[in-house]
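The opening position of the sequence shown corresponds to residue 22 in this note's numbering, with each subsequent residue numbered one higher.
Where is the CB? At the ideal position from N, CA and C, for every residue including glycine.
Here's the structure, in structure tokens; my notes come after.
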Amino acid sequence: MVRVALFVTCLVDGLFPDVGKATVRLLERLGHEVVVPPAQTCCGQMHINTGYPGQALPVIRNHVEAFEGADVIVAPSGSCAGSVRHQHADVARAHGDAKLAEAAADTAKRTYELSEFLVDVLGVTDVGAYFPHRVTYHPTCHSLRVLKVADRPLRLLRAVEGIDLVELPAAETCCGFGGTFALKNSDTSTAMLGDKMSAVLSTKAGVLTAGDSSCLMHIGGGLSRLRSGVRPLHLAQILEHTR
Numbered sequence: 022m023v024r025v026a027l028f029v030t031c032l033v034d035g036l037f038p039d040v041g042k043a044t045v046r047l048l049e050r051l052g053h054e055v056v057v058p059p060a061q062t063c064c065g066q067m068h069i070n071t072g073y074p075g076q077a078l079p080v081i082r083n084h085v086e087a088f089e090g091a092d093v094i095v096a097p098s099g100s101c102a103g104s105v106r107h108q109h110a111d112v113a114r115a116h117g118d119a120k121l122a123e124a125a126a127d128t129a130k131r132t133y134e135l136s137e138f139l140v141d142v143l144g145v146t147d148v149g150a151y152f153p154h155r156v157t158y159h160p161t162c163h164s165l166r167v168l169k170v171a172d173r174p175l176r177l178l179r180a181v182e183g184i185d186l187v188e189l190p191a192a193e194t195c196c197g198f199g200g201t202f203a204l205k206n207s208d209t210s211t212a213m214l215g216d217k218m219s220a221v222l223s224t225k226a227g228v229l230t231a232g233d234s235s236c237l238m239h240i241g242g243g244l245s246r247l248r249s250g251v252r253p254l255h256l257a258q259i260l261e262h263t264r
């Protein structure tokens with residue numbers, strides 16, 4: 022049994038709590054204990070990516086302190102896990118806080134995106150899921166390019182009983198969200214979203230899945246406005262389903 026500290030993330034906590042609940046149910050079904058450190062808040066990615074790394078320092082410090090002592094930290098988000106692993110220590114170091122940089126680097130070593138944890142740490146690809154639906158998978162930019170999760174999510178999905186998993190055309194193309202990019206560059210973002218939605222619709226899938234709620238929110242919002250009937254579901258929500 023592994024004692025897992027769940028890094029919920031802001032978006033899951035505020036908008037998509039079912040993703041957090043699905044992650045807990047999945048990990049507990051696999052025989053592991055899950056704790057949710059109550060002091061956790063934002064990881065600071067938003068501050069860093071919009072040009073305010075100095076303002077991210079207290080947020081990073083809080084994150085490090087909130088997860089101090091956790092053996093393993095798991096996040097249902099490639100984006101937030103990527104920030105912890107590849108931004109926190111560098112930001113602290115750049116602002117002259119060597120002690121925080123060292124602590125952040127230690128936290129980063131214990132932090133995993135969900136599919137990484139299942140496949141690399143637990144050595145599991147078949148989690149005993151059952152999901153008899155036609156599904157297509159969108160690999161999010163941060164999970165693909167920052168964390169390099171590669172085909173781990175697909176390996177997990179291929180092992181799901183009853184699933185009809187179809188390849189998404191131009192899967193590695195960005196959906197156009199990119200946090201505040203979608204607001205500051207709305208025309209470009211909308212065009213990118215249009216291309217992604219066309220690709221999703223071409224698969225005839227009834228469900229679109231990904232490892233980040235942010236991208237699912239963006240694509241799912243567009244698909245809902247088209248009244249397409251395609252449901253956005255986080256990877257955890259598929260993997261936690263059983264007969």
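- In the structure shown, Leu36 falls within a coil segment according to DSSP collapsed to helix, strand and coil.
- When rounded, the separation of the alpha-carbon atoms in Val93 and Ala26 is 6 Å.
- Contact between Thr30 and Ser98 holds, with the beta-carbon distance rounding to 5 Å and staying under 8 Å.
- Three or more pairs of CB atoms, one per stretch, sit closer than 8 Å, so the region 143-161 contacts the region 244-264.
- The Cβ neighbour count for Glu134, taken over all protein chains shown within 10 Å, is at least 16; the residue is labelled buried.
- Looking at the backbone, the Cα of Ser104 and that of Leu237 are separated by about 19 Å.
- Taking a C-beta distance under 7 Å as the contact criterion, Cys196 and Ile240 qualify as a contact pair.
- Per DSSP, the continuous beta strand (DSSP E) segment holding Thr132 begins and ends at 132-134.
- Separation of the CB atoms of Ala150 and Val181 is rounded to 4 Å, and the pair is thereby assigned contact status at 8 Å.
- Three or more Cβ pairs closer than 8 Å define a contact, and the region 69-89 meets that threshold against the region 115-130.
- Met213 sits buried, since 16 or more C-beta atoms from the chains shown fall within 10 Å of its C-beta.
- Under the criterion of beta carbons closer than 8 Å, Thr132 and Phe37 do not qualify as touching, at roughly 20 Å.
- Around the beta-carbon of Asp233, 16 or more other beta-carbon atoms lie within 10 Å, marking it buried.
- Counting other Cβ atoms within 10 Å of its Cβ, Ala110 reaches 16 or more and is therefore classed as buried.
- The beta carbon of Lys225 sits closer than 7 Å to those of Arg155, all from its chain and outside the five residues before and after it, given in chain order.
- Secondary structure of Ile184 (DSSP, three-state): coil.
- With 16 or more neighbouring CB atoms inside 10 Å of its own CB, Ser210 falls in the buried class.
- Looking at Pro190, Leu244, Leu51, the one whose alpha-carbon comes closest to that of Gly144 is Leu51.
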